[in-house]
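Take a look at the structure below.
Protein chains: 2
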Amino acid sequence: MIETPYLLFLGDAPDQLAAKVAQGIKDWRPDNAVGQFRMDGCKADVGLKDMTLAEAKEAGAKTLVIGVANRGGVISAAWKEVLVEALNMGFDLASGLHNLLSKEKVLVAAAEQNGRALHDVRVPNVEYPIANGKKRTGKRVLAVGTDCSVGKMYTALALDAAMKKRGMKSSFRATGQTGILITGEGVPLDAVIADFMAGSIEYLTPDNDPDHWDIIEGQGSLFHVSYSGVTLALIHGGQPDALILCHEPTRPHMRGLPDYTPPTLEAVRDLSLTMARVANPDCKVVGISVNTQHLSEQEAKDYLAKVEAEMGLPAVDPFRHGADRLAEALEAI
Amino acid sequence: MIETPYLLFLGDAPDQLAAKVAQGIKDWRPDNAVGQFRMDGCKADVGLKDMTLAEAKEAGAKTLVIGVANRGGVISAAWKEVLVEALNMGFDLASGLHNLLSKEKVLVAAAEQNGRALHDVRVPNVEYPIANGKKRTGKRVLAVGTDCSVGKMYTALALDAAMKKRGMKSSFRATGQTGILITGEGVPLDAVIADFMAGSIEYLTPDNDPDHWDIIEGQGSLFHVSYSGVTLALIHGGQPDALILCHEPTRPHMRGLPDYTPPTLEAVRDLSLTMARVANPDCKVVGISVNTQHLSEQEAKDYLAKVEAEMGLPAVDPFRHGADRLAEALEAI
């Protein structure tokens with residue numbers, strides 16, 4: 001568990017997109033961040049107050065979070081200078097970079113000297129159990145996609161916000177780097193060892209109140225041959241009561257797989273349900289989340305209406321129209 | 001790749017079952033082993049010539065293979081004495097134990113001193129790629145099961161033997177510890193990191209002659225919630241042309257999961273085919289392998305005849321009746 005609140009490190013981000021982790025934290029857990037730290041030449045701004053390390057410390061920040069992608073696969077000398085200073089001032093560090101903080105000798109030494117933690121959220125720090133398949137109390141909803149990167153995390157976070165607004169009990173359960181940094185905890189599923197994947201999701205979504213919903217961040221797709229095993233471990237470890245289908249309707253082929261055509265929503269519905277019912281015979285598909293970013297407002301409206309009619313399920317773009325109707329569908333269960 | 005031939009270390013095995021890795025090597029790759037090494041009190045015997053380390057060395061043995069399970073989760077002092085002596089005499093060591101050879105300082109030191117290798121086949125020693133899903137040349141058959149431990153490895157090895165006997169080109173592709181020790185190479189799939197599972201199977205079964213068959217050792221089951229993700233990675237990474245369904249008909253529940261009923265063969269056929277056809281639209285189920293060890297000879301015969309009639313596919317117990325009819329079914333493709 002990463003200590004909050006954070007100071008968000010934007011470094012020397014070349015553009016706004018490079019700071020998408022920081023933007024995610026700002027958008028979804030604004031209370032988790034007291035401000036942003038930008039170096040000379042930084043071209044990103046997530047709209048938080050610019051702070052020095054000292055100002056952030058004064059404001060109560062506990063952890064400096066790397067909210068930006070690095071360049072060229074290295075942690076630069078300029079970054080390290082700031083990171084060491086932060087450790088010396090009593091900050092923990094947290095990062096989802098491929099380059100691990102814990103592989104940088106100068107950071108390890110400074111962390112030890114100051115008794116601070118280095119959180120590399122890309123690497124599991126728990127020995128997860130093998131899944132036992134036992135029925136757990138509480139309810140769970142999982143986002144499953146026609147493809148990778150269609151908006152499953154966004155859907156889950158929007159749903160969590162909509163459910164909380166309605167007074168429902170819910171927890172967003174992160175399974176990827178960005179989600180873990182946003183909430184401060186979770187399972188980096190893509191880095192878990194094969195035998196423990198499903199068990200890590202059982203661990204992430206334990207017994208809870210009967211009216212509590214875990215909203216499990218989805219990964220990959222049953223139809224994406226590179227990552228389908230990860231998706232199935234989420235379905236069987238999460239034993240969801242409800243599924244939300246996530247889709248991006250303009251893909252010419254599966255992400256990274258030029259020879260693979262994306263499946264239909266019907267195919268994803270049927271296969272996901274067959275799989276989910278192995279672990280939970282009562283599982284239902286309750287709604288559809290469509291990422292319409294490449295459609296005009298009118299095209300999006302038409303497409304959603306068509307999908308809703310064909311599938312007989314609420315279909316929304318949570319970015320454009322919010323996730324209220326999905327929350328409503330879950331409330332009805 | 002582990003150097004052959006082996007000397008099989010049976011240690012102080014408390015019974016025959018403890019030496020099942022050694023037995024597997026003796027049964028399936030007898031040419032890979034020059035003899036067996038037994039300590040005082042050893043109660044196992046795989047039927048090879050008893051040899052001292054010196055005799056085995058003289059006979060050309062390159063690697064001492066731990067062919068026995070250890071007790072109490074430790075590598076005993078008595079074992080270590082033999083293992084160090086073997087390293088000093090120029091043997092490599094190979095093991096599939098949970099306790100890694102490479103964590104034993106005395107073995108690491110002796111291996112370094114003598115320039116020998118310690119093969120812990122439970123741990124991947126390759127950085128596998130992420131699967132790219134590209135169609136590969138050559139043919140592949142995968143064993144998929146109704147449950148774990150129903151005889152998938154045995155079926156694959158028996159099929160390999162039957163195909164070779166018919167003059168077909170085939171390679172058994174190991175995905176578990178025992179299989180890797182039997183053949184000297186493979187992928188320890190249960191220990192591979194989630195994102196690289198399917199890629200490791202692509203790596204294991206590369207382009208080959210058009211008439212060559214990779215016989216891929218199956219793992220887990222799509223219906224076993226603890227390991228289903230591993231199974232799906234095998235299906236999508238292996239992109240099989242043919243599937244063989246493996247079944248053990250007397251299980252009251254899924255292995256280790258008291259609340260889960262084993263699926264029907266029809267359910268495994270349908271779900272496995274749906275999954276396999278994502279990667280290879282031409283995939284077919286060609287036969288059924290039933291582990292009838294808990295049935296009498298007559299019961300087994302009746303059961304196989306019933307399955308064969310119901311499923312319209314050859315159904316055999318390769319242990320009792322050989323795998324010829326499965327090889328024949330593959331030859332017909």
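Chains A and B, in that order, give the protein sequences.
The first sequence lines up with residues 1 to 333 when you count with UniProt numbering.
The second sequence lines up with residues 1 to 333 when you count with UniProt numbering.
Backbone N, C-alpha and C define an ideal beta-carbon position, used for all residues, glycine too.
Out of the options, state which residue places its alpha-carbon closest to the alpha-carbon of residue i.
i, options, result
"Ile-75/B", "Lys-103/B, Gly-60/B, Ala-59/B and Thr-63/B", "Lys-103/B"
"Val-126/B", "Glu-299/B, Gly-115/B, Ile-201/B and Ala-86/B", "Ile-201/B"
"Ile-215/B", "Val-290/B, Phe-91/B and Arg-173/B", "Arg-173/B"
"Tyr-227/A", "Thr-205/A, Val-144/A and Ala-242/A", "Val-144/A"
"Gly-35/B", "Trp-28/B, Val-46/B, Asp-259/B and Gly-41/B", "Val-46/B"
"Gly-237/A", "Leu-265/A, Ile-66/A, Val-225/A and Ala-279/A", "Ala-279/A"
"Ala-69/B", "Glu-299/B, Ser-95/B and Glu-297/B", "Ser-95/B"
"Lys-169/A", "Thr-175/A, Ala-161/A and Gly-176/A", "Ala-161/A"
"Gln-119/A", "Pro-249/A, Leu-53/A, Val-187/A and Gly-138/A", "At residue 119/A the sequence reads His, which differs from the Gln that was named. Comparing Cα positions, the closest option is Val-187/A."
"Thr-250/A", "Pro-206/A, Phe-196/A, Ala-242/A and Thr-261/A", "Thr-261/A"
"Ala-56/A", "Val-84/A, Gly-90/A, Ala-156/A and Ile-25/A", "Gly-90/A"
"Met-153/B", "His-224/B, Thr-175/B, Ala-54/B and Lys-134/B", "Thr-175/B"
"Lys-26/B", "Gly-167/B, Leu-17/B and Leu-8/B", "Leu-8/B"
"Gly-33/A", "Val-21/A, Ala-309/A and Leu-100/A", "Checking the sequence shown, residue 33/A turns out to be Ala, not Gly. Cα-wise, what sits closest to Ala-33/A is Val-21/A."
"Leu-10/B", "Arg-71/B, Ala-59/B and Arg-122/B", "Arg-71/B"
"Gln-16/A", "Ile-2/A, Arg-38/A, Pro-5/A and Asp-31/A", "Arg-38/A"
"Pro-206/A", "Gly-133/A, Ala-19/A, Gly-67/A and Ser-296/A", "Gly-133/A"
"Tyr-128/A", "Ala-78/A, Gly-287/A and Phe-196/A", "Phe-196/A"
"Ala-156/B", "Gln-219/B, Asp-282/B, Thr-4/B and Ala-131/B", "Gln-219/B"
"Val-84/B", "Pro-281/B, Ala-59/B, Gly-73/B and Gly-115/B", "Gly-115/B"
"Asp-92/A", "Glu-112/A, Ala-77/A, Gly-73/A and Ala-78/A", "Glu-112/A"
"Phe-223/A", "Leu-181/A, Trp-213/A, Asp-241/A and Asp-270/A", "Asp-270/A"
Would you say the beta carbon of residue i is closer than 6 Å to some non-hydrogen atom of the ligand MN?
i, result
"Met-275/B", "Of ligands this structure carries none, so the ligand MN is not represented either."
By the DSSP assignment, the alpha helix (DSSP H) with residue i in it spans what residues?
i, result
"Ala-33/A", "First-last for Ala-33/A: 33–38, but that is the beta strand (DSSP E), not the alpha helix (DSSP H)."
"Thr-274/A", "265–279"
"residue 377/A", "There is no way to answer for residue 377/A, as the model of chain A reaches only from 1 to 333."
"Leu-97/B", "Careful: Leu-97/B lies outside any alpha helix (DSSP H) and carries neither H nor E."
"Lys-165/B", "152–165"
"Pro-318/A", "318–321"
"Ala-332/A", "From DSSP, Ala-332/A is part of no alpha helix (DSSP H); its letter is neither H nor E."
"Met-311/A", "297–311"
"Gly-24/A", "20–28"
The beta strand (DSSP E) with residue i in it runs from where to where?
i, result
"Tyr-6/B", "6–11"
"His-253/B", "Looking at the DSSP string, His-253/B is not in any beta strand (DSSP E), and its letter there is neither H nor E."
"Arg-173/B", "169–173"
Using the three-state DSSP reduction, which class does residue i fall into: helix, strand or coil?
i, result
"Phe-91/B", "coil"
"Lys-62/B", "coil"
"Arg-140/B", "strand"
"Leu-107/A", "helix"
"Gly-179/A", "helix"
"Arg-122/B", "coil"
"Leu-245/B", "strand"
"Ile-288/A", "strand"
"Ala-86/A", "helix"
"Asp-50/B", "strand"
"Ala-78/B", "helix"
"Ala-56/A", "helix"
* Asked: For the stretch 256–274 of chain A, which residues have a beta carbon sitting closer than 7 Å to at least one beta carbon of chain B?
  -> Leu-257, Asp-259, Tyr-260, Leu-271 and Thr-274
* Name the residues in the stretch 187–212 of chain A whose C-beta lies less than 8 Å from a C-beta of chain B; which are they? -> Leu-189, Asp-190, Ala-191, Val-192, Ile-193, Ala-194, Asp-195, Met-197, Ala-198 and Gly-199
* **Every unbroken alpha helix (DSSP H) inside the stretch 184–243 of chain A [4 residues or more]** => 197–204 and 228–238
* Asked: Of all the residues that make up the stretch 126–155 of chain A, which are near chain B by a beta-carbon distance shorter than 9 Å?
  -> Ile-130, Ala-131, Asn-132, Gly-133, Lys-134 and Lys-135
* **Residues, ordered as in the chain, of the stretch 222–251 of chain B that lie near chain A by beta-carbon distance below 9 Å** => Leu-222, Phe-223, His-224, Val-225, Ser-226, Tyr-227, Ser-228, Gly-229, Val-230, Thr-231, Leu-232, Ala-233, Leu-234, Ile-235, His-236, Gly-237 and Gln-239
* To do: May I ask you to list, following chain order, the residues of the stretch 23–39 of chain B that have a beta carbon less than 9 Å from some beta carbon of chain A?
  => none
* Selection of the stretch 278–290 of chain B by Cβ proximity to chain A, strictly under 9 Å -> Val-278 and Ala-279
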